[in-house]
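J.: Residue numbers (the working numbering): 71 to 246.
Every residue, glycine too, gets a C-beta built ideally from N, C-alpha and C.
Small disclaimer: the values here were computed from a predicted structure and weren't measured.
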């Protein structure tokens, strides 16, 4: 965690050395690092909406289990494991074997996910928002259906009311 992020967390009473974790501390952490954890879950299950559902479920469990956590560090470690486990369980339950990364790769990536501060993520999303703002309404709509709704091929074309070939060309232009 960067110094800036540690200061933000510390201001809310989330010092790593404190004993026990209060419900309001859990809520603060859950909201502050929401994008980080959802991104991690999405790297496993490739579905934005399902990733949000998984994170909400994990968050609720964390709040209900507040007395289990010795300190903030313990809570953060638990959240990583819970997000990963719940995401993998969802894949199994829905018979969705397709994943972006296998377990070994997730093990390698996890320290990098943890090291990202909330500030860095806010900055990245700010840049992304600026880039999306430069696109036409149609291009943003393509991006929305392709990456938020996870549509591909003919389903993407149907959602946009266009031919598959023209959507493919438009999407390739957006990527430039």
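Just tell me which of 232, 206, 229 and 228 has its CA closest to the CA of residue 245.
T.: Here residue 245 corresponds to residue number 175 of the chain shown, with the count starting at 1. Ranking the options by Cα distance to residue 245, first place goes to 206.
J.: Return the Cβ separation of residue 149 and residue 128 in integer angstroms, given the expectation that the two are a contact with Cβ distance under 8 Å.
T.: In the chain shown, residue 149 corresponds to position 79, counting from 1. In the chain shown, residue 128 corresponds to position 58, counting from 1. Indeed they touch by this definition, with Cβ atoms about 7 Å apart.
J.: Mind checking residue 130: buried by the 16 CB within 10 Å criterion, or exposed?
T.: Mapped onto the chain shown, residue 130 falls at position 60. Its Cβ having fewer than 16 others within 10 Å, residue 130 is exposed.
J.: Nearest by alpha-carbon distance to residue 153: which of 96, 121 and 203 is it?
T.: The count along the chain shown starts at 1 and reaches residue 153 at position 83. Of 96, 121 and 203, the residue nearest in Cα terms is 121.
J.: In whole angstroms, what is the alpha-carbon distance linking residue 228 and residue 209?
T.: Counting from 1 along the chain shown, the entry for residue 228 is found at position 158. Counting from 1 along the chain shown, the entry for residue 209 is found at position 139. Rounded to whole angstroms, residue 228 to residue 209 spans 15 Å at the Cα level.
J.: Less than 6 Å between C-beta atoms, sequence neighbours within five positions excluded: which residues of the same chain meet that for residue 218?
T.: The residue given as residue 218 occupies position 148 in the chain shown. Non-local beta-carbon contacts of residue 218 in its own chain, meaning distances under 6 Å to residues more than five positions away in sequence, involve 118 in chain order.
J.: Could you compute how far the alpha carbon of residue 112 sits from the alpha carbon of residue 220?
T.: As a first step, residue 112 is located in the chain shown; it is residue number 42 there, counting from the start. As a first step, residue 220 is located in the chain shown; it is residue number 150 there, counting from the start. Taking the straight line joining both Cα atoms gives about 11 Å.
J.: Report the CB separation of residue 212 from residue 237 in whole angstroms; it is logged as a contact under 8 Å.
T.: Translated into the one-based positions of the chain shown, residue 212 becomes position 142. Translated into the one-based positions of the chain shown, residue 237 becomes position 167. That belief holds up - the Cβ atoms of residue 212 and residue 237 are roughly 7 Å apart, short of 8 Å.
J.: Enumerate in chain order the residues of its own chain whose CB-to-CB distance from residue 155 is below 7 Å, with the five nearest sequence positions on each side excluded.
T.: Position 85 of the chain shown, counted from the start, is the residue given in the question as residue 155. So the list is empty, once near-sequence residues are dropped.
J.: Rounded to a whole number of angstroms, what is the C-alpha to C-alpha distance between residue 241 and residue 201?
T.: In the chain shown, counting from the first residue as 1, residue 241 sits at position 171. In the chain shown, counting from the first residue as 1, residue 201 sits at position 131. In a straight line, the C-alpha of residue 241 is about 15 Å away from that of residue 201.
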